[in-house]
Amino acid sequence: SVPLSEVSVEDESFAKNYLKKFFNLTEEEGPAVRRGISPVNKKLAEMQRFFGLQITGSLDADTLAMMKKPRCGVPDEQV
Amino acid sequence: ARFSIYGRKWQKRSLTYRIENYTPDMSVAEVDASIGKALQVWAKVTPLRFTRIYSGIADIMISFVRREHGDFNSFDGPGNTLAHAFAPGDGLGGDAHFDDDESFTFRSSRGVVLFIVAAHEFGHSLGLGHSNVPGALMYPTYSYRNPDTFVLPQDDVRGIQYLYGPNSRKDPSVDDPKPPTTPDACDSNMVLDAVTTHRGEIIFFKDSFLWRSFPQSQTPQQSLIRSLWPSAPVDIDAAYESRQLDTVFLFKGRKVWAFTGNQPVRGYPKTLTAFGLPKGVRKIDAALHDVNSGKTLFFVGNNYFSYDESRKTMEQGYPRLVNQAFAGLTRRVTAAFQHKGYTYIYSGPYVYEYDLGTGTRHRELRNSYFLRC
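Chains as they are written, first to last, in our numbering: chain A, 2 to 80; chain B, 6 to 378.
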């Protein structure tokens with residue numbers, strides 16, 4: 002999984018929306034956030050685990066490519 | 006099984022469906038046939054039965070809609086989200102909505118096959134969540150599959166039968182096709198169809214699947230061949246990468262497909278004769294591109310041919326016996342590739358490491374050496 006040379010603002014926003022929609026990302030403040038564990042990174046890792054991608058917890062080229070594939074609108078992680 | 010469930014299911018076995026409107030992309034007959042066939046995918050393996058109604062509220066209400074459509078779950082225009090459906094229940098429960106900004110098709114790979122999307126969505130309508138098995142129908146991303154030859158994969162069969170049990174009304178004299186399973190990298194007896202390099206990765210092919218192995222990663226990624234190359238064949242015979250052309254060639258029967266990155270190369274598929282192979286060759290067993298010589302070897306039974314990539318001609322004096330170039334190799338070659346200067350020849354679940362310069366064999370390995378479990 003090749004790191005993205007530069008994550009554009011659009012890609013970052015696209016990825017956040019994807020995680021909100023399909024992996025129940027919420028942007029709540031909490032102890033984990035204060036300890037420096039970003040909810041986005043945590044959800045990225047969950048998404049990477051689900052799809053069998055390399056688990057980096059960061060937005061890499063393969064993760065972004067997976068997010069851009071046509072797909073079903075039902076969340077992968079159920080509330 | 007790696008399916009998931011919503012924790013809700015229909016308490017009755019006889020369900021109704023209603024098609025509320027149609028997409029302009031397809032004829033009414035094609036939509037009706039796609040929807041009916043998609044429901045039958047699930048009816049075949051469960052006690053569930055589906056009846057179409059033309060007015061009133063059905064258990065599964067089916068509609069083609071765009072953008073915001075009244076369920077607080079907007080569609081997003083062309084691409085990305087194709088459809089969604091709701092778990093069993095009252096009101097929206099069971100309903101399936103298709104994004105009419107997509108180009109739906111009856112069976113073409115240019116567009117989104119409505120039957121495949123509908124069959125997936127009806128899985129949700131019946132209580133299944135997403136599966137993380139790449140070949141499963143309930144996998145979240147769309148890949149083209151031929152509707153005429155579609156058989157519900159094993160993971161989905163197990164999921165739906167976990168909820169509703171098997172189809173007890175099935176005629177035992179009718180032999181249904183076996184549900185396809187997803188190949189497992191941990192299967193020590195697995196025989197790969199082909200192996201090739203691709204822009205620094207190694208790609209392993211088996212049935213309709215591939216694994217991509219990246220230099221930076223320990224774990225190969227499994228996906229459907231058609232999620233990487235939508236127009237590619239499945240169950241391929243051989244593959245190789247030409248670094249000069251930055252192209253991967255896939256072989257199946259007498260045909261050859263070519264891809265640069267994830268784009269198909271114009272003019273392909275071609276026939277084996279385009280590579281100078283005799284007309285009598287109906288298929289090849291494996292292909293190996295030698296980076297040093299620029300030659301590509303095509304393995305056919307006990308023989309191999311040598312193709313000169315720069316001259317685009319078959320070399321004189323071929324075919325030759327495989328064991329003339331690869332000492333001790335008497336069994337059929339099933340796949341081949343080069344990695345870090347060595348040549349790896351697959352024969353069944355075994356991999357033999359050769360130095361092509363000297364023709365000597367160094368090691369006998371198993372599949373798991375490259376395709377880690």
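Cβ coordinates follow ideal geometry from the N, Cα and C atoms, glycine included.
Source: prediction; values computed, not measured.
CB of residue i within 7 Å of CB of residue j, strictly
{"i": "B:Phe214", "j": "B:Asp198", "result": "no"}
{"i": "B:Glu358", "j": "B:Arg371", "result": "no"}
{"i": "B:His129", "j": "B:Leu142", "result": "no"}
{"i": "B:Ser193", "j": "B:Ile207", "result": "no"}
Residues near residue i by beta carbon distance below 6 Å, same chain, minus five either side
{"i": "B:Gly353", "result": "Val196"}
{"i": "B:Val36", "result": "Tyr27"}
{"i": "B:Tyr144", "result": "Ser136"}
{"i": "B:Tyr323", "result": "Phe310 and Ser311"}
{"i": "A:Phe23", "result": "Pro76 and Asp77"}
{"i": "B:Gly258", "result": "Lys288"}
{"i": "B:Asp161", "result": "Ala141, Leu142 and Met143"}
{"i": "A:Gly58", "result": "Asn42, Leu45 and Ala46"}
Closest residue to residue i among the options (Cα-Cα distance)
{"i": "B:Asp64", "options": "B:Pro52, B:Phe120, B:Asn307 and B:Ala92", "result": "B:Ala92"}
{"i": "B:Leu282", "options": "B:Tyr309, B:Gly299 and B:Pro269", "result": "B:Tyr309"}
{"i": "B:Ala38", "options": "B:Val118, B:Ala88, B:Asp295 and B:Ser173", "result": "B:Val118"}
{"i": "B:Ser298", "options": "B:Ile230, B:Ser315 and B:Asn172", "result": "B:Ser315"}
{"i": "B:Tyr22", "options": "B:Ser9, B:Ala101, B:Val50 and B:Gly12", "result": "B:Ala101"}
{"i": "B:Asp76", "options": "A:Met68, A:Val75 and A:Asn42", "result": "A:Val75"}
{"i": "B:Phe8", "options": "B:Ser193, B:Arg150 and B:Gly134", "result": "B:Gly134"}
{"i": "B:Phe69", "options": "B:Ile58, B:Gly82, B:Gly258 and B:Thr365", "result": "B:Gly82"}
{"i": "B:Asp180", "options": "B:Lys49, B:Glu320, B:Arg271 and B:Gly364", "result": "B:Lys49"}
{"i": "B:Lys17", "options": "B:Arg248, B:Thr56, B:Glu107 and B:Ala263", "result": "B:Thr56"}
{"i": "B:His89", "options": "B:Gly96, B:Asn78 and B:Asp95", "result": "B:Asn78"}
{"i": "B:Ile62", "options": "B:Ile24, B:Trp47, B:Thr51 and B:Arg54", "result": "B:Ile24"}
{"i": "A:Pro71", "options": "B:Glu107, B:Arg248 and B:Gly12", "result": "B:Glu107"}
{"i": "B:Met66", "options": "B:Phe127, B:Phe120, B:Asp240 and B:Gly12", "result": "B:Phe127"}
{"i": "B:Arg174", "options": "B:Phe280, B:Pro52, B:Val286 and B:His74", "result": "B:Pro52"}
{"i": "A:Gly53", "options": "B:Asn194, B:Ile58, B:Gln226 and B:Ser218", "result": "B:Gln226"}
{"i": "B:Phe280", "options": "B:Val270, B:Arg325, B:Arg271 and B:Asp313", "result": "B:Asp313"}
{"i": "B:Ile58", "options": "B:Gln249, B:Gly346, B:Val156 and B:Ser19", "result": "B:Ser19"}
Pairwise C-alpha distance: residue j and residue i
{"i": "A:Thr27", "j": "A:Asn18", "result": "10 Å"}
{"i": "B:Tyr273", "j": "B:Ala43", "result": "32 Å"}
{"i": "B:Gly84", "j": "B:His344", "result": "37 Å"}
{"i": "B:Asn307", "j": "B:Leu376", "result": "26 Å"}
{"i": "A:Glu11", "j": "B:Phe304", "result": "48 Å"}
{"i": "A:Phe15", "j": "A:Ala66", "result": "11 Å"}
{"i": "B:Leu87", "j": "B:Gln45", "result": "21 Å"}
{"i": "B:Lys317", "j": "B:Phe254", "result": "14 Å"}
{"i": "B:Phe111", "j": "B:Val33", "result": "11 Å"}
{"i": "B:Ala244", "j": "B:Lys260", "result": "12 Å"}
{"i": "B:Cys191", "j": "B:Pro235", "result": "26 Å"}
{"i": "A:Ser2", "j": "B:Gly333", "result": "Summary for A:Ser2: the model assigns pLDDT 49, below 50, so the residue's position carries little reliability; its value from the coordinates is reported in the next sentence. Computed Cα separation, rounded: 38 Å."}
{"i": "B:Phe80", "j": "A:Cys73", "result": "11 Å"}
{"i": "B:Asn172", "j": "A:Asn25", "result": "35 Å"}
{"i": "B:Leu293", "j": "B:Ala123", "result": "41 Å"}
{"i": "B:Val338", "j": "B:Asp212", "result": "17 Å"}
{"i": "A:Phe51", "j": "A:Lys44", "result": "10 Å"}
{"i": "B:Met319", "j": "B:Ala330", "result": "17 Å"}
{"i": "B:Arg336", "j": "B:Ile289", "result": "15 Å"}
{"i": "B:Gly170", "j": "B:Gly94", "result": "19 Å"}
{"i": "B:Ala263", "j": "A:Ala62", "result": "23 Å"}
{"i": "B:Ala6", "j": "B:Asp189", "result": "The pLDDT assigned to B:Ala6 is 45, lower than 50, so where the model puts this residue is not dependable; a value taken from the coordinates is nonetheless given after this. The alpha-carbon atoms of B:Ala6 and B:Asp189 are separated by roughly 12 Å."}
{"i": "B:Ser60", "j": "A:Met68", "result": "38 Å"}
{"i": "B:Asp240", "j": "B:Asn151", "result": "14 Å"}
{"i": "B:His203", "j": "B:Asn328", "result": "27 Å"}
{"i": "B:Phe120", "j": "B:Arg13", "result": "24 Å"}
{"i": "B:Arg271", "j": "B:Phe109", "result": "24 Å"}
Contact belief for residue i with residue j at Cβ below 8 Å, rounded distance in angstroms
{"i": "B:Trp216", "j": "B:Leu131", "result": "No, B:Trp216 and B:Leu131 are not in contact; Cβ-Cβ is about 31 Å, not under 8 Å."}
{"i": "B:Arg71", "j": "B:Asp30", "result": "Not quite, the Cβ-Cβ distance comes to about 13 Å (not below 8 Å), so this is no contact."}
{"i": "B:Ser5", "j": "B:Thr154", "result": "Residue 5 of chain B is absent from the model: chain B starts at 6 and stops at 378."}
{"i": "B:Gly140", "j": "B:Thr201", "result": "Not quite, the Cβ-Cβ distance comes to about 20 Å (not below 8 Å), so this is no contact."}
{"i": "B:Pro185", "j": "B:Gln159", "result": "7 Å"}
{"i": "B:Thr224", "j": "A:Gln49", "result": "No, B:Thr224 and A:Gln49 are not in contact; Cβ-Cβ is about 10 Å, not under 8 Å."}
{"i": "B:Ala291", "j": "B:Ala341", "result": "5 Å"}
Close beta carbons around residue i, own chain, < 7 Å, minus the five adjacent residues each side
{"i": "B:Gly98", "result": "Phe91 and Ala92"}
{"i": "B:Pro220", "result": "Gly205"}
{"i": "B:Tyr374", "result": "Val356"}
{"i": "B:Thr265", "result": "Asp251 and Thr252"}
{"i": "B:Lys284", "result": "Thr278"}
{"i": "B:Leu229", "result": "Pro139, Gly140, Ser148, Ser213 and Phe214"}
Close Cβ partners of residue i (< 8 Å) along its chain, the five nearest in sequence each way excluded
{"i": "B:Asp295", "result": "Thr301, Leu302, Gln343, Thr348 and Leu361"}
{"i": "A:Leu60", "result": "Leu5, Val8, Asp12, Glu13, Ala16 and Leu45"}
{"i": "B:Ile10", "result": "Gly132, Leu133, Gly134, Gly164, Tyr167 and Leu168"}
{"i": "B:Gly364", "result": "Ala330, Phe331 and Ala332"}
Cβ-heavy atom distance, residue i to the ligand GDP, below 6 Å
{"i": "B:Arg337", "result": "With respect to the ligand GDP, the structure shown offers nothing to examine, as it has no ligands at all."}
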